[in-house]
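Worksheet: one structure, shown below.
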């Protein structure tokens with residue numbers, strides 16, 4: 004069996020690849036590099052010279068070649084390799100008529116816990132949103148409570164506290180609350196906000212600062228009195244190893260569409276396991292990556308929860 008055709012699709016703000024073999028099997032994969040789908044498509048087009056005619060079942064070999072033979076690194080490259088990797092695993096599952104989680108070593112669990120990506124912009128609406136989250140059967144809610152960054156720390160913190168308090172009121176004591184701020188804060192403001200939100204018993208605080216300095220991310224994690232989660236924009240085992248070696252965080256958040264696909268994310272999970280660190284899979288682009296993430300979640304012992312959007 005050989006790879007016979009590679010097709011690229013730009014769908015909305017995303018990129019999807021379909022591989023077809025000479026036996027008629029197909030595999031689909033997607034990148035989470037949503038900001039630059041055209042760049043990913045160009046890289047996959049360059050991959051065609053190598054991939055056409057190759058055995059699709061040699062997944063690790065192809066991963067190593069595509070990544071290591073590329074003259075430059077970066078998110079677009081990792082996103083392209085991720086999409087190809089997911090598509091290759093799709094073909095392998097069809098070839099052996101087995102779910103991918105079985106080929107990855109078998110499942111460690113029968114259910115996958117999800118945390119809903121949601122929330123609301125006002126305290127009253129947040130009470131309702133949190134209540135509805137629980138009523139729909141979710142046990143965890145993630146949202147961004149940070150507003151008014153440009154008008155002073157005090158106002159920003161007060162707004163965030165009001166929204167988190169409303170979520171706790173609406174969701175009750177058993178709802179796990181995760182906050183994300185999309186890397187909008189400085190280390191100082193991140194720690195100030197963490198201290199203000201500590202009384203609400205947050206599950207964790209996600210990616211408060213930019214990813215440019217892994218050491219600084221870890222320093223914030225060490226100094227915070229709220230658990231931290233990092234890694235949705237990291238792409239390699241080497242970056243995640245450095246993050247964990249430097250002393251933080253409590254949760255790592257690889258994205259199968261960005262951090263090398265299923266093959267590489269399993270290695271990231273193993274590194275995290277060696278630090279007794281749990282894995283929270285990042286995922287928000289749609290059902291294809293949700294499905295791929297679920298196969299990863301099922302097979303790693305240190306998985307704890309997966310991000311989920313109602314759009315799926």
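In the numbering used here, the protein residues as written are 4 to 315.
All C-beta atoms in this analysis are idealised placements derived from N, C-alpha and C, irrespective of residue type, glycine included.
Cross-strand partners of residue i (DSSP beta bridge)
i	result
residue 189	Beta-bridge pairing links residue 189 to no other residue.
residue 145	120 and 181
residue 19	12 and 33
residue 195	The partner list for residue 195 (beta bridge, DSSP) is empty, contrary to what the question assumes.
residue 284	309
N- and C-terminal bounds of the beta strand (DSSP E) containing residue i
i	result
residue 311	306–311
residue 13	6–14
For residue i, the first and last residue of its enclosing alpha helix (DSSP H)
i	result
residue 278	Here residue 278 belongs to no alpha helix (DSSP H), and DSSP marks it neither H nor E.
residue 86	78–98
residue 48	40–54
residue 243	240–248
residue 300	290–302
residue 222	217–226
residue 232	Looking at the DSSP string, residue 232 is not in any alpha helix (DSSP H); the run it does join, the beta strand (DSSP E), is 231–233.
residue 58	Premise fails: residue 58 is in no alpha helix (DSSP H) and is neither H nor E.
residue 327	What the structure shows of the chain is the stretch from 4 to 315, and residue 327 is not part of that stretch, so it cannot be assessed.
DSSP-derived helix/strand/coil call for residue i
i	result
residue 70	helix
residue 25	coil
residue 131	helix
residue 212	coil
residue 203	helix
residue 259	coil
residue 154	helix
residue 125	coil
Neighbour-count burial assignment, residue i, 16 or more Cβ in a 10 Å radius
i	result
residue 228	exposed
residue 48	exposed
residue 314	exposed
residue 171	buried
residue 155	exposed
residue 111	exposed
residue 256	buried
residue 5	exposed
residue 216	exposed
residue 114	exposed
residue 104	buried
residue 99	exposed
CB contact check: residue i to chain C, cutoff 8 Å
i	result
residue 77	No chain C is present in this structure, which holds just one protein chain.
- Message: Contact between the segment 281–294 and the segment 184–193 is defined here as three or more beta-carbon pairs at a separation below 8 Å; is this criterion met?
- Response: no
- Message: Below 8 Å, how does it come out for the segment 75–83 and the segment 116–124: are there three or more Cβ pairs, yes or no?
- Response: no
- Three-pair Cβ contact test at 8 Å for the segment 264–278 versus the segment 63–71: Yes, the segment 264–278 touches the segment 63–71.
- Check whether the segment 271–290 touches the segment 87–96, counting contact only when three or more Cβ pairs, one atom from each stretch, lie closer than 8 Å. no
- Query: Using 8 Å as the Cβ pair cut-off and three pairs as the minimum, do the segment 176–185 and the segment 200–210 touch?
  - Reply: yes
- Task: Specify whether the segment 136–150 and the segment 159–172 touch according to this definition: at least 3 beta carbon pairs, one from each stretch, less than 8 Å apart.
- Result: Touching, per the Cβ criterion.
- Message: Count Cβ pairs between the segment 29–47 and the segment 8–18 that sit closer than 8 Å; are there 3 or more?
- Response: yes
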